[in-house]
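Number of protein chains: 2
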Amino acid sequence: MKLVKNTADQAGAHIRSLPVHEQVYQDLRSRILFGETAPGQAVTIQGLAEALGAGMTPVREAIRRLISDGALLFQGNRRVIVPTLDIAALEQLVFIRKSIESELARRAARHVGQDFVDRLSEIDAALDAAISQGDVPGYLRLNYQFHMALYAQAQAPIMAEQADRLWLRFGPSLRVVCGRFGTQNLPDRHKDLLSALAAGDEEGAAIAVTQDVTQGMEQIAAVLEIKE
Amino acid sequence: MKLVKNTADQAGAHIRSLPVHEQVYQDLRSRILFGETAPGQAVTIQGLAEALGAGMTPVREAIRRLISDGALLFQGNRRVIVPTLDIAALEQLVFIRKSIESELARRAARHVGQDFVDRLSEIDAALDAAISQGDVPGYLRLNYQFHMALYAQAQAPIMAEQADRLWLRFGPSLRVVCGRFGTQNLPDRHKDLLSALAAGDEEGAAIAVTQDVTQGMEQIAAVLEIKE
DNA sequence: CAGTGAAAAATTTGATCATATTCTGCCCGC
DNA sequence: GCGGGCAGAATATGATCAAATTTTTCACTG
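Put into structure tokens, the structure is as follows:
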């Protein structure tokens, strides 16, 4: 007898069962985003299909999407790896992030409400807790969540998607940063940002985000310098 | 019947036999880029596989990449269409293009040589010829080629790729613009750009590109206003 | 005799397809 | 208008073929 496809099998929740290729994509995506993959690591279709218990076609699709996102790199021959960041790449990422994310902050400040500031503060509090507990995965996820929540508020989906995609490029290097510095020395400009938002200060928000981006990228740059 | 399999191209060997999924991707990409697809048009896997004489898997992969590029839109159900631009989307594209492409121009100006200015002038001359002959496809291709050549010169592959991707989003609207205005009223700032580049004037190049972008996008905006 | 290097076999992995299954939207009878 | 098929399209699998890498073999030189 055939098993019914395990759709929405989680405890009665009516969660729309996502297509396999989408699940694989999300899975890989978050692994890359939160530093669970090492730069330079090879990615094989059949290996992933085996590991995830999926067929080759959905895995292949997920990989193609990630390549298009810049999260994976298709080498001339037909090998796929997690790309290694170099200084030149990082410098470009810094420029683009500053341009887009500062504008997103500006626009978010234009649409803030008290409920939004509260929600963001909540995430930031959880983030601080994760830092003080040395919870690296928690820190990474919450930091990402903080920024994405901000960008969603900007009412500019194309710009937000663009910014989102950039995070995939430095994700794999974050593990290295945290391995090097730990969580204690991870300063951010979230407090500045929150007060600017609460005051509806567009430029203040833009400056806070720019500084936050600069700080984060400088830490990655520091690690890159060491390795070369 | 259909000859898809180029098993071993004996005689030639010049032609690099690209994978089918890559061919399909390039094909679809240029159709979208040069306005050969109408906004809102549906894209079906089986339809394309039939039309191109390819299997479903490569077509599927190409479509996923294009979706990730923002060139196609995956609607919640499993329909894929060519997205329709609205004013809000266009406004975001303008901002991002201005930020990134002006910086690319700045960096290109930093690396110019006489040979590069000559090559760009050549493309621009061909472009003018296409305009005066009313050759719309030629105009679109040469204009794209002009900008991509400039961005390649900037030695900033990530930023260039980012800019490249954005073109896919307004490509489908270009046909409408040309249908509306013809080729005669397609002014550009390429001459300004060329003199700035020849003089090594970074800011001049940045300004020229910014104005070029503004002009092009305003024409699209004008068409969008009419349709709404 | 040991070590080097290249050629060939073996293995791993990617690319493609044909086919089976599942889902969506639509149409028809009630 | 509404619910149950029905057609068609998307999703997913495994088989098969091709390409690239790795390993093995083996002849040749120092």
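Quick note, the sequences are listed as chains A and B, same order.
Position 116, counted from 1, in the first sequence is what my numbering calls 150; the numbers after and before it change by one each time, with no gaps.
Position 113, counted from 1, in the second sequence is what my numbering calls 147; the numbers after and before it change by one each time, with no gaps.
The C-beta atom is built at its ideal place from N, Cα and C for all residues, glycine as well.
- Burial check for E156 of chain B: the Cβ neighbour count within 10 Å stays below 16, so the residue is exposed.
- Between V210 of chain B and V257 of chain B, the beta carbon gap of about 5 Å places them in contact (Cβ cut-off 8 Å).
- In the displayed model, F215 of chain A falls within a helix according to three-state DSSP.
- Counting of Cβ neighbours within 10 angstroms places E237 of chain A among the exposed residues, the total staying below 16.
- No Cβ-Cβ contact shorter than 8 Å links A72 of chain B with P221 of chain B.
- With the rule of 3 Cβ pairs closer than 8 Å, the region 231 to 247 of chain B counts as touching the region 127 to 146 of chain B.
- Within the same chain, Cβ atoms closer than 6 Å to the Cβ of R214 of chain B are found at V257, the five residues on either side in sequence being excluded.
- If you check each beta-carbon in the region 110 to 131 of chain A against every beta-carbon of chain B, the ones closer than 9 Å belong to R112, A122, A123, E125, Q126, L127, F129, I130.
- When DSSP states are grouped into helix, strand and coil, F204 of chain A belongs to the helix group.
- Interface annotation, Q196 of chain B: in contact with chain A, CB-CB separation under 8 Å.
- D158 of chain A counts as buried, since at least 16 other C-beta atoms from the protein chains shown sit within 10 angstroms of its C-beta.
- In the structure shown, Q126 of chain B falls within a helical segment according to DSSP collapsed to helix, strand and coil.
- Taken in chain order, the unbroken stretches of beta strand (DSSP E) that lie wholly in the region 90 to 143 of chain B and span 3 residues or more are 107 to 109, 113 to 115.
- Proximity of M193 of chain A to chain B, defined by a Cβ-Cβ separation below 8 Å, is satisfied.
- Think of a sphere of 8 Å around the beta carbon of T91 of chain A: the chain B residues whose beta carbon falls inside it are T91, R94, in chain order.
- Note that the C-beta distance between V151 of chain A and A232 of chain A is below 8 Å.
- Close to S102 of chain A, with beta-carbon spacing below 9 Å, are these residues of chain B in chain order: R98, R99, L100, I101, S102, D103, R199.
- For E137 of chain A, the closest Cβ of chain B is nearer than 8 Å.
- Annotation: the continuous alpha helix (DSSP H) that includes V151 of chain A extends over 148 to 166.
- Of A:L62, A:Q189, A:A122, the smallest CA-CA separation from I115 of chain A is found for A:L62.
- Annotation: H181 of chain A to I121 of chain A spans about 23 Å, alpha carbon to alpha carbon.
- Pairing M193 of chain B with I260 of chain A gives a Cβ-Cβ distance that is not under 8 Å.
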